[in-house]
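Each position in the sequence shown, counted from 1, maps to that position plus 1 in the numbering used here.
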Amino acid sequence: MNQKIIIIIISLLLVNNVFASEVTKKSIEFYVEHTTKNVKGVCGEIQMEEPNIQTSNNQYSLKSPFVITIPLLKISSGDSNRDSHIQEILGYPDSPNILVKIESVNVIKEKTYTIKGKLTIHGNTKEFTTDASVSPEDSNLINVDGSFIVKFSEYELENPSLLFMKAKDEIRIKYLFQIKLK
Numbered sequence: 002m003n004q005k006i007i008i009i010i011i012s013l014l015l016v017n018n019v020f021a022s023e024v025t026k027k028s029i030e031f032y033v034e035h036t037t038k039n040v041k042g043v044c045g046e047i048q049m050e051e052p053n054i055q056t057s058n059n060q061y062s063l064k065s066p067f068v069i070t071i072p073l074l075k076i077s078s079g080d081s082n083r084d085s086h087i088q089e090i091l092g093y094p095d096s097p098n099i100l101v102k103i104e105s106v107n108v109i110k111e112k113t114y115t116i117k118g119k120l121t122i123h124g125n126t127k128e129f130t131t132d133a134s135v136s137p138e139d140s141n142l143i144n145v146d147g148s149f150i151v152k153f154s155e156y157e158l159e160n161p162s163l164l165f166m167k168a169k170d171e172i173r174i175k176y177l178f179q180i181k182l183k
């Protein structure tokens with residue numbers, strides 16, 4: 002009886018491989034449109050829990066939720082005055098980080114997945130959904146690439162302004178992660 006259970010467990014593991022993983026590259030960029038100047042910001046130091054990924058029939062699924070932390074002090078647009086103003090708008094120092102909790106990843110079609118989770122900015126948490134392209138670079142390395150839009154007003158944030166004109170009520174967030182399956 003015990004041998005049958007062991008055989009069943011081993012065959013399940015061979016069919017549905019669960020991998021611990023390591024994020025080898027991470028990039029998050031922010032775009033804000035303004036009538037006089039469009040602004041691009043990047044976060045140089047993203048903190049990220051390692052996702053547990055399950056693979057079956059060349060498709061990937063998330064085994065458990067994980068959190069991405071974006072420190073506001075590490076967001077840079079190339080202008081320190083603008084950066085400190087945006088950090089203030091986003092809640093610094095009361096809320097020093099933007100938190101992204103990834104709760105589910107589901108395949109839509111071959112290399113397109115829907116990612117769902119919760120985004121917390123300045124103490125306000127909202128659900129979000131984004132589509133991402135998930136492409137294998139080799140058998141143990143995948144790239145996750147996508148973008149989504151966040152509205153300042155949804156998070157009760159002030160729109161940044163320049164020359165008394167407000168920026169568009171949205172931030173486009175573009176992300177790219179390279180994940181090594183161990």
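Beta carbons are placed, not taken as given, at the ideal position from N, Cα and C, and that holds for glycine.
Asked	Found
Beta-carbon proximity check, S217 vs G42, cutoff 9 angstroms	In the structure as shown, the chain starts at 2 and stops at 183, and residue 217 therefore has no counterpart that could be examined.
Residue from V40, S62, V135, E46 whose Cα sits closest to the Cα of D146	V135
Inter-stretch contact (C-beta, 8 angstroms, three-pair minimum) for the region 73-88 and the region 110-121	no
Where the alpha helix (DSSP H) containing I47 begins and where it ends	Segment: none, I47 is in no alpha helix (DSSP H) and carries neither H nor E.
Proximity of Y93 and A133 at Cβ, strictly below 9 angstroms	no
Of the listed residues C44, I54, K119, nearest to V108 (C-alpha basis)	I54
N98 burial status per 10 Å Cβ neighbour count (16 or more: buried)	buried
Host beta strand (DSSP E) of E138 (start-end)	125-139
Touching by the beta-carbon criterion (3+ pairs, under 8 angstroms), the region 21-30 and the region 159-168	no
N- and C-terminal bounds of the alpha helix (DSSP H) containing E89	81-90
Beta-carbon proximity of F178 to K26, cut-off 9 angstroms	yes
Residue(s) in a DSSP beta bridge with S62	Q55
Outcome for G118 when other beta-carbon atoms lying within 10 angstroms are tallied against a minimum of 16	buried
Outcome for L15 when other beta-carbon atoms lying within 10 angstroms are tallied against a minimum of 16	Because L15 carries a pLDDT of 44, less than 50, the predicted location of this residue cannot be relied on, and no value is offered for it.
For I142, the nearest candidate out of L182, S105, V40, Q60 (CA to CA)	The amino acid occupying residue 142 in the given sequence is Leu; Ile does not appear at that position. That would be L182, whose Cα lies nearest to the Cα of L142.
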